[in-house]
Amino acid sequence: MDFNSGGKKAIERLVEAYGFGTRQALCDHLGVSKSTMATRYMRDIFPADWVIQCALETGISLHWLTTGHGSKQASAKTNAIEVVKYLLSDGDLQEDGVYIFDKGFLPSTFKNPFVVTVNNSEFICDKEFDDIRDGKWVISIDGEITIRDITRLPGGRIFVEGGNRAFECKIEDVEIIGKIISLTVKYVR
Numbered sequence: 017m018d019f020n021s022g023g024k025k026a027i028e029r030l031v032e033a034y035g036f037g038t039r040q041a042l043c044d045h046l047g048v049s050k051s052t053m054a055t056r057y058m059r060d061i062f063p064a065d066w067v068i069q070c071a072l073e074t075g076i077s078l079h080w081l082t083t084g085h086g087s088k089q090a091s092a093k094t095n096a097i098e099v100v101k102y103l104l105s106d107g108d109l110q111e112d113g114v115y116i117f118d119k120g121f122l123p124s125t126f127k128n129p130f131v132v133t134v135n136n137s138e139f140i141c142d143k144e145f146d147d148i149r150d151g152k153w154v155i156s157i158d159g160e161i162t163i164r165d166i167t168r169l170p171g172g173r174i175f176v177e178g179g180n181r182a183f184e185c186k187i188e189d190v191e192i193i194g195k196i197i198s199l200t201v202k203y204v205r
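To convert a position in the sequence shown, counted from 1, into the numbering used here, add 16.
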């Protein structure tokens, strides 16, 4: 690819990617003058800065914007989901990067997924849930975050297990942070 030319076609692809009808609309969106646009277009100067901006704003494939070849849609944008990862340490969740999952790997019912790492275990969780049901949950007990098994009891009560002592309480006595959907354990020798 010769980045010293190809400006005309790239600018036309930018207009198409944004869904504009004219180069003037592209100028307005990018905040550049008509003369700047005209210079790059007439001299066939490749607009690398505008191409990158467009790819980030629209999710259109950088390869397609640059060359006009391949799929217009970026495959990572359509098939992947970025999920925030937290490290659970000393009763506190600390953000620790992200994981990128193929959308087919996570249940389609997930609304707000996140991952919690504790020692050699990684829990895939959902922050949004309709009801508290029996299962494994990320909860906060008096401000200390932990992972526990919860059993739903009559009268708006729950039985909490998994720590040093099991206990029974009202649902409102603990803060429910997320429902654990999946667990991955790393076996290290």
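Backbone N, C-alpha and C define an ideal beta-carbon position, used for all residues, glycine too. Being a predicted model, the structure only gives us computed values, none of them experimental.
Classification of residue i by the beta-carbon crowding that lies within 10 angstroms, buried from 16 upward
i	result
P170	exposed
F62	buried
S77	buried
I166	buried
P129	buried
K202	exposed
M58	exposed
A54	exposed
D116	Note on residue identity: the sequence assigns Ile, not Asp, to residue 116. That one is exposed.
Residues sharing a beta bridge with residue i, DSSP
i	result
I161	S156
I61	Answer is none; I61 lacks a bridge partner.
Q69	For Q69, which the question treats as bridged, DSSP gives no partner whatsoever.
K50	BP columns for K50 are empty, so no partner.
E191	S156
N- and C-terminal bounds of the beta strand (DSSP E) containing residue i
i	result
Y115	108-118
E177	173-177
T83	Unbroken run through T83 is the alpha helix (DSSP H), 78-83; no beta strand (DSSP E).
V204	From DSSP, V204 is part of no beta strand (DSSP E); its letter is neither H nor E.
P129	129-134
Endpoints, alpha helix (DSSP H) assigned at residue i
i	result
D44	39-46
I97	I97 -> not in any alpha helix (DSSP H); beta strand (DSSP E) instead, spanning 96-105.
G23	23-34
Reference residue i, options the options, closest by Cα
i	options	result
D112	T82, V131, F126	V131
N136	E32, N95, E144, V204	V204
V99	H85, C141, W80	C141
N164	I196, G75, K143	The question names Asn, yet the displayed sequence has Arg at residue 164. It is I196.
V114	L103, D108, F121	L103
E138	D150, R181, L109, S198	S198
V31	T52, S51, W66	W66
A26	H85, K186, Q110, G194	H85
F121	E144, D189, C185, I97	I97
I68	P123, L46, G159	L46
CB contact below 9 Å: residue i versus chain C
i	result
E32	As a matter of chain content, chain C is missing from the structure shown, which is built from one protein chain.
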